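The structure appears right after this line, and notes come after that.
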Amino acid sequence: MDRDDRDDPFGDLFEEIERMMNQMANANGDHADDAGFGTETHVDTYVEDDTVRLVADLPGVSKDDLSLQCDGETLTVSAASDRREYDERIDLPVRVDERSASATFNNGILEVTFDRADDSASIDVS
């Protein structure tokens with residue numbers, strides 16, 4: 001086996017770097033639909049004693065572009081601007097009281113806080 005016949009150990013790495021560079025270069029071109037919440041946005045979830053807090057990066061979006069919906073188990077974040085479109089369903093780590101939600105949005109950072117829902121309810125027996 002000649003040395004030239006072996007696979008280049010860095011070939012996959014270089015191909016991946018080239019693919020990522022091409023994807024970034026085409027973000028404003030044919031592949032603009034690929035630029036969205038799932039690949040570019042970082043979401044952190046914090047579970048505290050009585051609350052659940054989510055922090056999401058939404059660059060290029062204004063407050064008026066945001067739409068939030070929650071069913072107690074999933075938070076749906078939707079936003080559309082002239083440059084980007086976000087539509088993400090985030091499964092919450094615990095059940096929350098969706099009516100307790102409060103949200104702030106400042107410089108592209110969305111922060112949503114919920115009260116944790118009671119795990120069980122008392123049942124009176126008569």
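For the sequence shown, position 28 matches number 28 in the UniProt record's numbering, and the numbering has no gaps at all. Note that beta-carbon positions come from the ideal geometry of N, C-alpha and C, so glycine has one too. As the structure is a computational prediction, the values presented were derived from the model and not from experiment.
Each residue's CA atom was taken as its position, placing residue 114 and residue 84 some 27 Å apart. Taking residue 52 as reference, the option from 117, 60, 126 and 125 with the minimal CA-CA separation is 117. In the assembly as shown, residue 79 is a buried residue. Its beta-carbon has 16 or more other beta-carbons within 10 Å. The C-alpha of residue 90 lies about 14 Å from the C-alpha of residue 47. Residue pairing from DSSP places residue 56 in a beta bridge opposite 43 and 110.
Annotated three-state conformation of residue 90 is strand, per DSSP.
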